[in-house]
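Trainee:
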Amino acid sequence: MPNYTAIERKWQGRWEEAKLFRVTEDPKRTTCYILEMYPYPSGSGLHMGHARNYCIGDVYARFKRMNGFNVLYPMGYDSFGLPAENAAIKAKSHPQRFTEEAIRRFIRQQKGLGLSYDWDRMIASHTPEYYRWDQWIFLKMLEKGLAYKKRSVVNWCPECQTVLANEQVHAGKCWRHEETDVEVKDLEQWFFRITDYAEELLDGIGTLDGWSDDVKTMQRNWIGRSEGAEISFPIEGSGKRITVFTTRPDTFFGITFLVYAPEHPDVLELVRGTKYETQTKAFIRKVVLEDRFLRTAEDREKEGMFIGRYATNPITGERIPLYIANFVLHEYGTGAIIAVPAHDERDFQFAKKYGIPIKVVINPPDFDLDEKRMNRAYVGDGAMVNSGEFDGMNNRDAIPEFARFFEKHGCGKATVQYKLRDWLISRQRFWGCPIPIVYCDACGIVPVPEKDLPVRLPDGFAFTSGKGNPLEQCESFVKTACPTCGRPARRETDTMDTFVDSSWYFLRYCDPANAEMPFDPKKAAYWMPIDTYIGGKEHATMHLIYFRFFTKFLRDLGLLRIDEPTKNLFNQGMLHKGGVVMSKSKGNVVSQEEIAARFGIDTARFFLMFVAGPEKDMEWDDQAVAGSYRFLNKVHALGTGKKVVTASRPAQLSRLHAAIRDVTADISSFRYNIALIRIMEIANYLAAQEDVSREALEGLVLLMAPFTPHLAEELWEHIGNKGFVSVAPWPKHDETRIDKALIASEDYIKRVQADVRSVLEIIKAGSPKRITLIVADAWKHDLVGKVRVKLEETHDVSKIIPAVMDKAHAKEIPKIVSALVKNPSRIPLVMLGAEGELKAAKAAIPSLTRGFGCEAQALTETVAAKKGIAKAAGAMPGKCAIHVEK
RNA sequence: GCGGGGGUGCCGGAGUGGUCAAACGGGCUAGGUUGAGGGCCUAGUGGCUUAGUGCCUGCGCGGGUUCAAACCCCGUCCCCCGCACCA
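Residue numbers for the first sequence follow this note's numbering, beginning at 6 and rising by one.
1. With 16 other CB atoms within 10 Å as the buried threshold, where does residue 600 fall?
2. Is residue 531 near the ligand FMN, going by C-beta to nearest heavy atom under 7 Å?
3. Pull up the distance between the alpha-carbon of residue 586 and that of residue 619, whole angstroms please.
4. For residue 156, tell me which candidate among 190, 390, 121 has the shortest Cα-Cα distance.
5. Closest by CA to residue 346, which one among 339, 354, 661?
6. Please go through the stretch 405–481 and give each complete beta strand (DSSP E) segment of 3 or more residues, from N-terminal end onward.
7. Quick one: measure Cβ to Cβ for residue 167 and residue 433, integer angstroms, because I've assumed they're closer than 8 Å.
8. List the residues that DSSP assigns as beta-bridge partners of residue 537.
9. For residue 214, collect the residues of the same chain with a Cβ closer than 7 Å to its Cβ; drop the 5 residues on either side in sequence, then sort them by chain order.
10. Thinking just about the alpha-carbon of each residue, which of 509, 235, 659, 679 is nearest to the one in residue 414?
11. With distance defined between alpha-carbon atoms, name the residue in 720, 192, 218, 651 nearest to residue 645.
12. Take the Cβ of residue 642 as the centre, count every other Cβ of all protein chains shown within 10 Å, and call the residue buried at 16 or more, exposed below.
13. Short of 8 Å in beta carbon distance, which residues of its chain neighbour residue 726, apart from the five on each side in sequence? Order them along the chain.
14. How would you write the range of the beta strand (DSSP E) that residue 556 sits in, first residue to last?
15. Check whether the Cβ atoms of residue 551 and residue 508 lie closer than 8 Å to each other.
16. Under the three-state reduction of DSSP, which class applies to residue 653: helix, strand or coil?
17. Can you pull the DSSP bridge partners for residue 194?
18. By Cβ distance, which residues of its chain are closer than 7 Å to residue 569, with the 5 residues on each side in sequence left out?
19. By a C-beta neighbour count over all protein chains shown, 10 Å radius and 16 as the cutoff for buried, is residue 269 buried or exposed?
20. By DSSP's criteria, residue 581 is part of a beta bridge. Which residues make up the other side?
21. Going by C-alpha distance, which of 562, 576, 251 is nearest residue 141?
22. Is the stretch 253–269 touching the stretch 329–342 in the sense that three or more CB pairs, one from each, lie closer than 8 Å?
23. Evaluate residue 160 with the Cβ neighbour count: other Cβ atoms within 10 Å of its Cβ, from every protein chain shown; 16 or more gives buried, anything less gives exposed.
24. Identify, in the order they occur along the chain, each residue of the same chain with its Cβ nearer than 8 Å to the Cβ of residue 233, setting aside the five sequence neighbours on each side.
25. Apart from the five residues on each side of it in sequence, which residues of its chain come closer than 7 Å, Cβ to Cβ, to residue 368?
26. Of all the options 36, 52, 55, which has the alpha carbon lying nearest to the alpha carbon of residue 75?
27. Buried or exposed: which applies to residue 44, given that a residue is buried once 16 or more other Cβ atoms fall within 10 Å of its Cβ?
28. As an exercise, report each continuous alpha helix (DSSP H) stretch of at least 4 residues that is fully enclosed by the stretch 343–410, in chain order.
29. Taking residue 4 as the reference, which of 282, 242, 277 has the closest Cα?
30. Just the Cα atoms here: how many angstroms apart are residue 246 and residue 326?
31. Going by beta-carbon coordinates alone, are residue 510 and residue 81 separated by less than 8 Å?
32. Looking at the secondary structure, which residues open and close the beta strand (DSSP E) in which residue 246 lies?
33. Counting along the chain, where does the alpha helix (DSSP H) carrying residue 62 start and finish?
34. Residue 383 to residue 136, Cα distance in whole Å?
35. Grab the span of the alpha helix (DSSP H) containing residue 333 for me, first residue to last.
36. What residues in its chain sit with their C-beta under 6 Å from that of residue 801, if we drop five residues either side in the sequence?
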């Protein structure tokens, strides 16, 4: 077996030495920016699941590079984050140590995979050279009013010991800790005003043609735009008003109560000093603090209470009782709702439970509702009733009318609401980008001046305890001077969410060493947008929203000219083993080292790209890998052992060009598995030939180069080519060189050979003494008859077997077979085809008859070309007779 | 409940109106090669049938459109992923 380890080392070394994959801006060339989501460098290193993800991008990058594009294909590390910090706490060390060790290991492994990154552009977000620009962007956000600090109820993960953004809370659990319930704290925290971009983020989704529908749908739902109306009601005995948001202003006359979210600040004020105060406080505590996420489950029992106050309907003057309830959310809309039990299921359940009246204002088309007999809300459409001037209207038509109606009466207007909330970026952790803020007793909140950036994390600092944010314990960091007045002041000890780092890293790759700016706008204009972004779907409502937001912000800052970071998002599938996702925590990882040692890394690459389409989940199969290994061995033997001829081999080249055509299309559309099947077909075909034309062999090597680059380089060199196949031009297929008839005729020969086998099997059963076979490859069916006549003139033939696969002739076979069995003495088969093919078929005869205890003899004669048969067949005439004696 | 994806041979997976359902790989069976082999080569691998290139069946289930359906339409069951009282 070839020494794949040596081959890999040799070529990885040469690529590195030649800086083969380094790119620079070249205005004359078309760019192609291919990017995989940069990884968190975990201490456990890479396994086959990672390998698959990177290979998907690498194949594409190599393909595009060979196609002449100026390919930007970089790698970097999302190197701030909790695991390194936790490891440091445990070891009383510094997270930088763990992080940089992990990065070194990642790089070594990624190089070992043969990934064609431009390593000169590598970045790591924990370096001051990188995170100073996080801080710079933060200051710009602050300047534009998009970064702000506010006190609010926030999500707290007790495991991470820090707050989380809404996007990082999944079904009440921390995104990193499936088991950990997120708690609630009331804290003062930094936010980014992503909601300012809600409308644009939503509209922009329509332009993301190359994103999958489900990711787009998830983003739409996450942003959650709804149109409706805001209505406000004066509260009796108080100067205050209660303002609500509703998407169903048409149900206005059906309102029988109003509900506040329990944590709404007005609630306490309204009950202060009343007999409801104690009970209200207890209810709030229960709902808000104990029940924060449970309460939002759909099947949660609706609970609430009357708070002793009434509002007045500004139109009808009716008294409307005010409630608080667990199903009303403070964060959405105005934190208060109108309740129309007749036409909303939640309101209905609540009204039934607490004995609140129900008032119908919309009737279904076919009957009238009776409030006393309703057992659920009617949420459908219909004609308005009990609604004053709106009576008789269709409720849908009435919705826009109501907005005008409220405006006329000065109690409301049409508005739009979003579910998207501002992005909480503060984290109470050490290993993140420091927020560049100083607190001064005299000057208040003071931004660190740009010239003082970066605010560096302390280096020599050793963790002493696992309690709280370690940064708070570091006096040398905390104590500083106020940038404005120079008096002693304290630094902000919160660091930024690591999703801030990853929101713009793709821009830094365009200009990774820039010390003046986060990136040169000219360079970004050259490379951006990302042509193909590869990563998991799990970031649909996290990173994939944030990086769009940053792109738009940096555009508004004048640094970018694009509206979206990428129009093409490719979501790769997961690698499974034993039916579950391959991961260290599941204990089912297959290590890169193990596979590389057993089969070589090209085998791993090949297998990972071959088994399933890259977008699909696939199962790792230890046994099946061996199949890929066998194939690569075969190709290696083909490339190094087979006789190579310069002569044209039309059949080989026909197949090669067909393969080039298909493989090119398949790679372009990420159908790698199909591309590899085509490659296997052509390779297997060539391997079965006596010799192989140089052109065909080179073509095969070129087609394989993106998938198995080391093997391809080795063979490329062996054939006698200079330079690297990795940067050789991708082969262009030439349709005129694909001789379909020739390919078809070869395929027919194979089938004829199979037929001969079948016939011989039967002969064996019938024990003939002596037979003669003439093979008829009648791929021009109409020739069979002519040939038969022709042959009967000159030969002693008793039967022609038209050994073709088409149905019409196949029907004759049983008859012929019976004739053969009954009278096996002289059964002729005739074969027509190109001369070379006939030779091949003839050469195959001994092997075909082997094992039958027969002596085989092949006789060849030429059928009269002068009769025009050959011309009609588009092939050289010939016949092949087999004389078999037992 | 809503949204998205999917149900094809022993397995991983192709094929999305017809000329060929199961490409390609794995597994299994038989034969060959070999001193030997977890190597290589060849053939077979839905059912029926003495045999066949024949017949039947067949792409979750039930209907439908069509000369023609794994593929299009309707209904239904199951699996996976996301979102889930957002007024």
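Each residue gets a CB set at the ideal place from its N, CA and C atoms; glycine is no exception. Being a predicted model, the structure only gives us computed values, none of them experimental.
Mentor: The relevant details are as follows:
1. buried
2. In the structure shown, the ligand FMN is absent, as is every other ligand, since no ligand is present at all.
3. 15 Å
4. 190
5. 354
6. 417–422, 442–445, 449–452
7. 4 Å
8. 39
9. 572
10. 235
11. 720
12. exposed
13. 703, 733
14. First-last for residue 556: 548–561, but that is the alpha helix (DSSP H), not the beta strand (DSSP E).
15. yes
16. coil
17. 155
18. 209, 212, 213, 534, 553, 556
19. buried
20. 586, 624
21. 562
22. yes
23. buried
24. 250, 251, 252, 253, 254, 419, 420, 421, 422
25. 374, 387, 388, 390
26. 36
27. buried
28. 350–359
29. Beyond the ends of the chain as shown, which are 6 and 891, falls residue 4; an answer cannot be given.
30. 13 Å
31. yes
32. 246–251
33. 53–71
34. 55 Å
35. Neither: residue 333 is in no alpha helix (DSSP H) and is coded neither H nor E.
36. Bear in mind that the predicted position of residue 801 carries a pLDDT of just 34, short of 50, making it unreliable; the figure below should be weighed with that in mind. So the list is empty, once near-sequence residues are dropped.
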